[in-house]
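Here's the structure, in structure tokens; my notes come after.
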Ligand code: SF4
Ligand code: SF4
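In our numbering, the protein residues as written are -12 to 447.
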């Protein structure tokens, strides 16, 4: 049987063929400065991604997104659904931080730190190279018949991919249920934790499909960040770029009157998205800098200066003045910083409990011969991971009584509770503007709540 997937070599440098079919990209191995930096970054990030759910801070996992109980533990602090507004500032800070970085260095996030790149290049592609060999061997085998060699290598590779995907899915699960619960689930029959089992299986399946087959198509088709990069960059953004002035016209190394590009296509062969950077900056470029290392190797062999492909801005490539700090960089940086500062201040000043006083649904007041009664309720939320006791201090206007008198409210960790009672005012004491006021407190933390008392004034 012939190959079902075309390889990129003679295609017009893209992972999509002219007829719309997928060109499966087989990037060649490369070494060099940026490849080494990327390997170190990948190792550190993989360590962080995998270790985070297992590291304890203040007796809780460093990151534990307990969606089932709407409790979120981050770096020792606990949040609940009522703190969700903080996410706005956090996302604003991180979002503008990313835009700031993109304006300076293009898709450096994609090439060095995005989990898609980190796991594809740092784990799955390495396994593929180990089992199936280098680019030429992989292409030759893919184009060849389904013999024993091809079958066992594909089987072993996919089995390892499946095992890694299942492992990653369980680490992912640990972010949402914590490691001890994840372990209990893993060691129990699936029907005891059916929901978690289905989610984990689905995540493992998607991970396997993504890294075994879909790969760079996530960056090219699905990820919105790549589509937006053209509005974040300008003529002063440092991207991976080919120096046309120096490289063109292309020609053989010993030819007279040609540029430095010898048209060896090494830069295309190492590209994980299968593009030719010599055609200019393209949406498909994920900024991995592999083509820089590949071309530098070629230049070294030819005894020519490195940097035919390099990090440079369009203005720099044209010989114009390079500008690093420019108005949009300051604006994006300021917004990013503002979001992160506000999120930090708001988090540090968060009251660890919430208290409100609300009217009970239904009648606003009830009148009898002796008194006016307003049904109300406290809504109190304990944001801590320990039980608390809130003292209730009455600071109401004279004449406003409570029935029953609530002196304290006990709350379990993370508990949200309504406590109903009546505001009672004698008919002759009822007057406009009467208010009930309470202070709920514990160990120096206080929340003041108040509500107007409603009802007829005087007797009719
Ligand atoms: S690696 Fe360098 S010399 Fe070779 S084709 Fe690419 S730009 Fe030209
Ligand atoms: S063009 Fe260069 S930097 Fe861009 S994705 Fe391809 S190899 Fe990476």
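Each residue gets a CB set at the ideal place from its N, CA and C atoms; glycine is no exception. In this text, all values refer to a predicted model and were calculated from it rather than measured experimentally.
- Residue pairing by DSSP puts residue 409 in a beta bridge opposite 362 and 390.
- Counted as a single uninterrupted DSSP element, the beta strand (DSSP E) harbouring residue 60 occupies residues 58 to 61.
- Between residue 422 and residue 384, the C-beta spacing is below 8 Å.
- Every beta strand (DSSP E) of 3 residues or more that sits fully in the region 191 to 263 is shown, in chain order, as 226 to 229.
- Each of 231, 199 and 248 was checked against the Cα of residue 239, and the nearest Cα belongs to 248.
- Taking a contact as a CB-CB distance under 8 Å, the pair residue 172 and residue 183 counts as one, their CB atoms being some 5 Å apart.
- When secondary structure is reduced to three states using DSSP, residue 373 falls in the coil class, being assigned neither helix nor strand.
- The alpha carbon of residue 356 has as its nearest neighbour, out of 375, 442, 191 and 170, the alpha carbon of 442.
- Distances from the CA of residue 99 to each of 32, 228, 347 and 6 were compared; the closest alpha carbon is that of 32.
- Nearest neighbour of residue 303 by Cα position, chosen from 314, 228 and 435, turns out to be 228.
- For the pair residue 206 and residue 103, the CB atoms are nearer than the 8 Å cut-off.
- In the DSSP annotation of this structure, the continuous segment of the beta strand (DSSP E) that includes residue 299 starts and ends at 296 to 299.
- Here residue 230 is actually not in contact with residue 289; their C-beta atoms are around 15 Å apart, not less than 8 Å.
- About 13 Å separates the beta carbon of residue 365 from that of residue 392, a gap too long to meet the 8 Å contact definition.
- For the pair of segments examined, the region 116 to 134 was found not to touch the region 44 to 54: the number of CB pairs separated by less than 8 Å stays below three.
- The secondary-structure analysis by DSSP pairs residue 340 across a beta bridge with 369.
- Judged by their CB atoms, residue 277 and residue 222 are not nearer to each other than the 8 Å cut-off.
- Boundaries of the alpha helix (DSSP H) around residue 145: 135 to 164.
- Using a C-beta cut-off of 8 Å, the region 63 to 73 makes contact with the region 325 to 342, since at least three inter-stretch Cβ pairs fall below that distance.
- Residue pairing of residue 65 in beta bridges, as defined by DSSP: 60.
- Within the same chain, 253, 254, 295 and 296 come within 7 Å of residue 282 by CB-CB distance, once the 5 residues on both sides are set aside.
- With contacts defined as CB atoms closer than 8 Å, residue 94 and residue 316 fail to qualify as a contacting pair.
- Counted as a single uninterrupted DSSP element, the stretch harbouring residue 419 is not any beta strand (DSSP E), since DSSP gives it neither H nor E.
- The beta carbon of residue 89 sits no closer than 7 Å to any heavy atom of ligand 2.
- Under the three-state reduction of DSSP, residue 25 is assigned to helix.
- Checking the DSSP bridge columns, you'll see residue 379 partnered with 427.
- Here DSSP, grouped into helix, strand and coil, assigns residue 269 to coil.
- For residue 174, the number of other beta carbons within 10 angstroms of its own is below 16, and it is reported as exposed.
- Where residue 112 is concerned, the enclosing alpha helix (DSSP H) starts and stops at 112 to 119.
- The beta carbons of residue 363 and residue 382 sit no closer together than 8 Å.
- In the three-state DSSP reduction, residue 108 falls in the helix class (H, G or I).
- Bounds of the beta strand (DSSP E) holding residue 52 are 50 to 53.
- Within the same chain, 73 and 76 come within 7 Å of residue 333 by CB-CB distance, once the 5 residues on both sides are set aside.
- The C-beta separation of residue 397 from residue 419 comes to about 36 Å, leaving the pair out of contact by the 8 Å criterion.
- By DSSP's assignment, residue 434 forms a beta bridge with 427.
- Boundaries of the alpha helix (DSSP H) harbouring residue 126: 122 to 130, taken from the DSSP string.
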